[in-house]
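> Numbering (our numbering), first residue to last: 8 to 484.
The structure's right below; bear with me while I get my questions together.
Below, the structure written as structure tokens:
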């Protein structure tokens with residue numbers, strides 16, 4: 008066999024070609040590294056896209072505005088074992104950090120730092136909890152507070168609706184630590200009122216609203232009262248005698264006061280009702296019964312699931328509150344709204360058109376509609392504002408909105424009261440929870456049958472016919 012030897016010229020060409028290929032490969036590797044480094048330096052909000060139905064990983068407008076206005080450092084410590092992180096929480100904290108250079112978060116593994124949480128009084132919190140710190144102040148968010156469980160549909164679905172409350176809790180904590188002066192709210196006593204639950208008190212504290220008791224028989228409404236809460240009194244306010252409570256209330260409202268009132272259909276309060284009449288609000292006689300089973304607790308038509316009012320209404324009470332957040336009002340009374348000069352008023356919670364008000368509820372033997380019962384729909388909660396005085400009132404025709412027992416299964420009640428209080432004191436930092444799962448798509452039976460016919464018979468038949476035609480054409484060639 009004849010052997011061929013490469014000349015020096017050929018050797019040089021091979022060497023140069025190899026060197027060139029090596030240089031190109033090295034340049035490509037360096038370029039890839041630089042691109043990755045550059046991409047890593049870009050905030051995740053520009054490189055990641057939130058495709059979840061509820062925008063789980065996207066901060067709302069209120070949270071973004073809060074972060075962009077930060078004028079002090081905020082640090083969040085995530086108490087979680089390495090490898091056991093909740094991806095939703097971690098990504099959410101990353102998005103907070105993307106919005107402000109003053110926000111930082113750090114994971115603290117309790118097994119590596121067993122005494123870390125104790126310096127913030129959080130030695131008993133569960134794994135997965137958050138500690139929000141700004142300066143010398145801190146707020147502890149237990150892991151259980153980051154998710155909410157709504158059992159309002161349990162009787163029909165057999166399961167709870169789980170929503171993520173992380174953004175709601177974190178933004179509220181940051182707002183409380185950085186917003187400065189707090190608002191002051193007072194709740195009346197000495198009329199058999201229900202004392203606010205600890206859950207409501209804590210929810211208002213998260214909005215930087217301090218809540219204290221107030222006895223109008225021995226004291227007066229303080230000048231710094233940003234909100235007066237009257238929670239289901241068992242007797243009316245005095246309008247004569249040694250102390251005129253109604254006169255105090257009138258003077259407070261004439262100076263731009265704010266009132267949140269809850270009343271019971273079983274308690275007559277004509278003096279309080281007269282104050283509400285000035286805002287165009289009055290009671291609808293009777294107790295409301297919901298005729299639409301989908302808007303009432305299973306088997307209990309007196310326990311109502313009202314619809315929220317439209318987002319484009321005048322008030323800001325429901326801003327940030329999801330239309331899907333259930334509120335349950337049991338043994339509720341309708342609120343009528345009359346057009347009144349100088350007053351803007353609107354409904355906040357509404358029944359369906361199938362609802363009716365049972366007038367003779369004390370003697371009725373059935374919840375079914377009877378002769379004399381008033382047809383709905385009804386407003387179950389209403390807001391009104393006196394344009395000249397700037398005073399505002401919210402009237403909820405239900406005495407048990409604020410209930411620890413209800414909150415355990417219907418957390419939307421707490422969200423609603425929190426939104427009422429925040430709106431009345433002029434705060435807008437209210438963020439609702441986000442659904443973990445997209446709402447199921449409901450397909451009508453007729454549409455379902457048509458789709459089944461198409462996918463089971465029409466499309467397979469079309470494929471077979473097309474295949475047969477293709478084979479026949481090929482054979483004829």
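Glycine included, every Cβ here is placed at the ideal spot set by N, Cα and C.
For residue 255, which of 384, 273, 170 and 235 has the nearest alpha-carbon?
For the residues 384, 273, 170 and 235, the minimum Cα distance to residue 255 belongs to 235.
> Put residue 155 into one of helix, strand or coil per three-state DSSP.
Residue 155: strand per DSSP, three-state reduction.
> Which residue or residues does DSSP assign as beta-bridge partners of residue 129?
The partner list for residue 129 (beta bridge, DSSP) is empty, contrary to what the question assumes.
> Have a look at 460, 468 and 416 and flag the residue whose alpha-carbon is nearest the alpha-carbon of residue 4.
Because the chain spans 8 through 484 in this model, residue 4 falls outside it and cannot be assessed.
> Could you give the distance in angstroms between the alpha-carbon of residue 83 and the alpha-carbon of residue 106?
Using only the alpha carbons, I get a separation of about 14 Å.
> Could you tell me whether the Cβ atoms of residue 388 and residue 403 are closer together than 7 Å?
Result yes, Cβ atoms of residue 388 and residue 403 sit closer than 7 Å.
> Are there 16 or more other CB atoms within 10 angstroms of the CB of residue 40, so buried, or fewer, so exposed?
Burial call: exposed.
> Taking all protein chains shown into account, decide if residue 446 is buried (16 or more other Cβ within 10 angstroms of its Cβ) or exposed.
Per-residue confidence for residue 446 stands at a pLDDT of 45, beneath the threshold of 50, marking its modelled position as unreliable; no derived number is given.
> With residue 117 and residue 88 assumed to form a contact (beta carbons below 8 Å), what rounded beta-carbon distance in angstroms separates them?
Right, their Cβ atoms sit about 7 Å apart.
> Considering only residues of the same chain and omitting the five flanking positions on each side of residue 345, which have a CB-CB separation below 6 Å?
Closer than 6 Å at the Cβ level, and outside the excluded window around residue 345, lie 287.
> Any idea if residue 418 is buried or exposed, counting beta-carbon neighbours within 10 angstroms, 16 or more meaning buried?
Buried.
> Taking the C-alpha atoms as reference points, what is the distance between residue 366 and residue 253?
Taking the straight line from one Cα to the other gives about 28 Å.
> Which term fits residue 462, buried or exposed, when burial requires 16 or more other beta carbons within 10 angstroms of its beta carbon?
Flag for residue 462 reads exposed.
> Pull up the distance between the alpha-carbon of residue 412 and that of residue 203, whole angstroms please.
Using only the alpha carbons, I get a separation of about 13 Å.
> By DSSP, does residue 58 sit in helix, in strand, or in coil?
Its pLDDT being 45, under 50, residue 58 is placed unreliably by the model, and the measurement read from it follows with that caveat. The answer is coil: DSSP assigns residue 58 none of H, G, I, E or B.
> From 337, 217 and 355, pick the residue whose C-alpha is nearest to that of residue 485; which is it?
Nothing can be reported for residue 485: it is not among the residues displayed for the chain, which extend from 8 to 484.
> If I'm right that residue 148 touches residue 176 with Cβ under 8 Å, what's the distance once you round it to whole angstroms?
With a Cβ gap of about 5 Å, residue 148 and residue 176 count as contacting.
> Using the rule of at least 16 other Cβ atoms within 10 Å of the residue's Cβ for burial, across every protein chain shown, is residue 75 buried or exposed?
Result: exposed.
> Which residue comes first and which comes last in the beta strand (DSSP E) that contains residue 357?
First-last of the beta strand (DSSP E) with residue 357: 350 to 357.
> Run through DSSP, which three-state label would residue 74 get?
The answer is helix: DSSP assigns residue 74 an H, G or I state.
> DSSP state of residue 325, grouped into three classes?
In the structure shown, residue 325 sits in coil (DSSP, three-state: anything other than H, G, I, E or B).
> Can you give, in chain order, each stretch of the alpha helix (DSSP H) that sits fully within the stretch 140 to 212 and has at least 4 residues?
The stretch 140 to 212 contains these whole alpha helix (DSSP H) runs: 161 to 164 and 173 to 185.
> Taking 7 Å as the cut-off, decide whether the C-beta atoms of residue 237 and residue 259 are in contact.
Cβ atoms of residue 237 and residue 259: not closer than 7 Å.
> Where DSSP assigns a beta bridge to residue 110, which residues make up the other side?
DSSP output for residue 110 lists 81 as bridge partner(s).
> Less than 8 Å between the CB atoms is what I'm expecting for residue 337 and residue 305, so what's the real figure, rounded?
Contact flag wrong, Cβ pair sits at about 13 Å.
> Mark residue 31 as exposed unless 16 or more other C-beta atoms lie within 10 angstroms of its C-beta, in which case mark it buried.
By the 10 Å Cβ count, residue 31 comes out exposed.
> Can you name the start and end residues of the beta strand (DSSP E) that residue 219 belongs to?
Counting along the chain, the beta strand (DSSP E) containing residue 219 begins and ends at 216 to 221.
> Taking 7 Å as the threshold (beta carbon to beta carbon), is residue 210 in contact with chain C?
Absent here is chain C; the protein component of the structure consists of one chain.
> When the Cα of residue 191 is compared with those of 94, 283 and 264, which residue comes out closest?
Comparing Cα positions, the closest option is 264.
> Please tell me whether residue 269 and residue 408 are closer than 7 Å, where the distance is taken between their beta carbons.
Yes, Cβ-Cβ distance for residue 269 and residue 408 is below 7 Å.
> Select from 358, 311 and 293 the residue whose C-alpha is nearest the C-alpha of residue 379.
Closest by alpha carbon: 293.
> The alpha helix (DSSP H) with residue 474 in it runs from where to where?
Residues 466 to 483.
> By DSSP, does residue 408 sit in helix, in strand, or in coil?
Three-state DSSP puts residue 408 in coil, outside helix and strand.
> By a C-beta neighbour count over all protein chains shown, 10 Å radius and 16 as the cutoff for buried, is residue 36 buried or exposed?
With fewer than 16 Cβ atoms within 10 Å of its Cβ, residue 36 is classed as exposed.
> Residue 168: buried (16+ other C-beta within 10 angstroms of its C-beta) or exposed?
Flag for residue 168 reads buried.
> According to DSSP, is residue 228 helix, strand or coil?
Three-state result, residue 228: coil.
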